[in-house]
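Using the working numbering, the first residue of the sequence shown is number 6, and each one after it goes up by one.
Glycine residues also receive a C-beta, built at the ideal position from the N, C-alpha and C atoms.
These numbers come from a predicted model, not from an experiment.
This report concerns only the one structure given below.
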Amino acid sequence: MDERKRNQILLVLFIGVLMAALDIAIVGPALPALREHFQIDARAASWMFVIYVLLNLVGTPFIAKLSDRFGRRILYTASIALFGLGSLIVVAAPVYAVVLAGRAIQGLGAGGIFPVASAVIGDTFPPEKRGSALGLIGAVFGIAFLVGPIIGGLLLLLGWQWLFLINLPIAMALIGFGVKLLPAIRTATPRPFDWGGTVVLGVLLAALAVALSDLAYLLEDASVSGLVNALRTSTVAPLLLLALALAPVFWWIERRAEDPVLDLNLFRNRQIALAGALSFGAGLSEAVTLFVPSLLVAAFGVTPSTASFMLIPMVLAMAIGSPLSGRALDRVGSKIVVLTGTALIAAGLVLEGTLANVLPAFYGFSALFGIGIGVLLGASLRYILLNEAPAEERGATQGVLTVFISIGQLIGAVLLGAIAAARGGDVGGYAFAFLVVGVLMAVLFIASFGLKSRAQELATQQRLQRGASMA
């Protein structure tokens with residue numbers, strides 16, 4: 006494939022991922038208008054996010070695995086089509102329940118866009134150019150959160166429906182170009198699909214996500230007695246027990262499936278296992294951003310809106326860190342890049358945890374933490390999996406990485422909230438919570454020395470290329 010066509014493919018992938026990422030960032034400004042239009046309270050309005058994230062999480066491993074069987078082209082364009090259909094349903098919804106149905110379909114479609122896009126890069130870009138391509142795609146999320154509120158505010162002048170209508174022409178264009186440009190490689194000898202594992206995994210992830218989301222919401226009540234009473238009447242405990250009970254069932258099914266939705270043998274590969282641990286840690290660290298505004302309000306007495314604006318340097322650092330790390334991956338390999346990213350995150354968290362009342366320290370933390378998150382989540386971990394996973398498992402492994410990040414974010418929200426509440430919910434509580442995550446990232450920094458050197462990585466790439474050529 007020539008470079009011109011690869012760049013065209015990259016543009017189709019970039020716009021698709023940007024559309025899905027923007028949909029999270031621009032919905033926030035629309036919530037007041039939606040609440041007024043459908044006469045709902047704040048808790049009901051929050052389900053605009055919850056249902057999207059939930060279906061995104063559940064749909065990711067399913068769609069990613071299907072892309073390994075039926076080809077990237079059909080699954081990427083199908084994901085875009087689902088996203089567009091969900092947008093149309095939201096716009097036409099007569100009642101709020103239909104809005105949530107549309108958001109669920111959007112979330113399901115978005116669950117396939119990013120992992121399939123990453124797998125396409127593995128299929129179409131040579132190893133020496135994958136890092137730069139992944140870095141560009143990874144930068145989308147920082148860009149989305151920088152420009153999303155602005156775009157959302159402008160579209161709201163036309164009516165909240167335009168936040169979703171804008172997706173329709175973009176989706177149609179992406180489907181057209183996707184059909185024309187994306188590769189249609191599919192499994193030569195498809196085996197029986199693992200429906201049992203897919204259903205059990207979906208229920209497990211849904212139960213875990215809802216339970217952790219509800220637990221994070223309940224932790225906002227700093228009163229221990231209030232939290233205990235709330236837990237008694239909530240569904241948190243039953244859902245967590247359901248998730249725990251389904252874990253061994255899923256393991257049993259996957260060990261016997263002819264073509265498992267998640268090949269557990271992949272985790273015998275030390276690089277893939279380390280990438281999974283690092284993705285969980287990066288997701289857990291990313292949950293810190295949920296609590297930074299509260300820390301700023303408590304530490305400096307600013308308003309919540311001012312605290313949100315103070316996050317801009319961090320988001321900008323994320324957008325810069327991803328493409329820079331992508332270029333570095335192509336030159337020095339993943340080990341040095343991952344070590345740099347984990348070190349920056351750990352240093353930033355320790356800095357903010359020890360000097361939470363010092364404004365220059367906060368901006369230093371923003372730069373270190375933002376670049377570090379951009380490095381880990383933008384390209385480096387997906388680069389490792391593209392190097393290690395066989396071509397027929399690229400989509401599934403990229404999907405698993407996304408799931409690990411999401412679970413890390415959910416657990417991080419609960420863990421940080423619990424630590425901050427236990428320490429009084431003031432500056433000291435948030436600072437100590439940041440320190441705890443900083444120590445965890447320092448541990449992952451040490452573990453990252455187990456990653457392959459550049460020479461070992463190049464040898465693995467050559468071996469996989471020879472295997473693909475023989476196949």
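Distance between residue 98 and residue 277, taken at the CA atoms: about 43 Å. Under the rule that a run must span 4 or more residues, the alpha helix (DSSP H) segments found entirely inside the stretch 76-158 read 77-97, 101-129 and 132-143.
Distance check between residue 241 and each of 455, 308, 215 and 37 places 215 closest, using alpha-carbon atoms only. The stretch 354-368 and the stretch 160-179 do not touch, with fewer than 3 CB-CB distances between them shorter than 8 Å. Distances from the alpha-carbon of residue 441 to those of 430, 425, 429 and 454 put 425 closest. Comparing alpha carbon positions, the residue from 303, 337 and 410 closest to residue 431 is 303. Distances from the alpha-carbon of residue 414 to those of 310, 287 and 347 put 287 closest. From the listed residues 41, 33 and 211, the smallest Cα separation to residue 408 is found for 211. The Cβ atoms of residue 291 and residue 378 sit closer than 7 Å to each other. Taking one beta carbon from each stretch, the stretch 397-407 and the stretch 315-322 have fewer than 3 pairs nearer than 8 Å; the two do not touch. Counting along the chain, residue 320 sits inside the alpha helix (DSSP H) bounded by residues 317-337. For residue 376, the enclosing alpha helix (DSSP H) stretches over residues 364-380. Ranked by how close their Cα comes to the Cα of residue 312, the residues 356, 299 and 324 have 299 in first place. With fewer than 16 neighbouring CB atoms inside 10 Å of its own CB, residue 155 falls in the exposed class. The stretch 78-86 makes contact with the stretch 111-130; the number of CB pairs closer than 8 Å reaches 3 or more. When the Cα atoms are used, residue 24 and residue 10 turn out to be separated by approximately 21 Å.
The C-beta separation of residue 410 from residue 284 comes to about 5 Å, placing the pair in contact by the 8 Å criterion. Distance between residue 264 and residue 427, taken at the CA atoms: about 45 Å. Proximity of the stretch 342-351 to the stretch 92-109 falls short of the contact definition, fewer than three beta-carbon pairs being nearer than 8 Å. The way I'd put it, the stretch 457-465 doesn't touch the stretch 365-385; fewer than three beta-carbon pairs between them come closer than 8 Å. Looking only at 126, 201 and 150, the smallest Cα-Cα distance to residue 260 is reached by 201. Taking 7 Å as the cut-off, the Cβ atoms of residue 384 and residue 127 do not count as close.
Taking C-alpha positions only, residue 455 is separated from residue 392 by approximately 16 Å. Between the C-alpha atoms of residue 27 and residue 92 there is a straight-line separation of about 13 Å. Closest option to residue 367, judged by alpha-carbon separation, among 255, 297 and 386: 297. DSSP places residue 284 inside the alpha helix (DSSP H), whose first and last residues are 275-291. Rounded to whole angstroms, the Cβ separation of residue 208 and residue 271 is 22 Å, and the two are not in contact under 8 Å. Assigned with DSSP and collapsed to three states, residue 294 falls in helix. Ranked by Cα distance from residue 77, the options 157, 122 and 44 are led by 122. Distance from the Cα of residue 341 is smallest, within the candidate group 224, 386, 305 and 249, for 386. For residue 203, the uninterrupted alpha helix (DSSP H) segment begins and ends at 200-223. If you draw a 10 Å sphere on the C-beta of residue 308, you find fewer than 16 other C-beta atoms in it, and that means exposed. The closest CA to that of residue 67, considering only 198, 184 and 39, is found on 198. Non-local beta-carbon contacts of residue 56 in its own chain, meaning distances under 8 Å to residues more than five positions away in sequence, involve 105, 108, 109 and 112 in chain order. Rounded to the nearest angstrom, the gap between the Cα atoms of residue 19 and residue 429 is 43 Å.
Around the CB of residue 335, 16 or more other CB atoms lie within 10 Å, so the residue is classed as buried.
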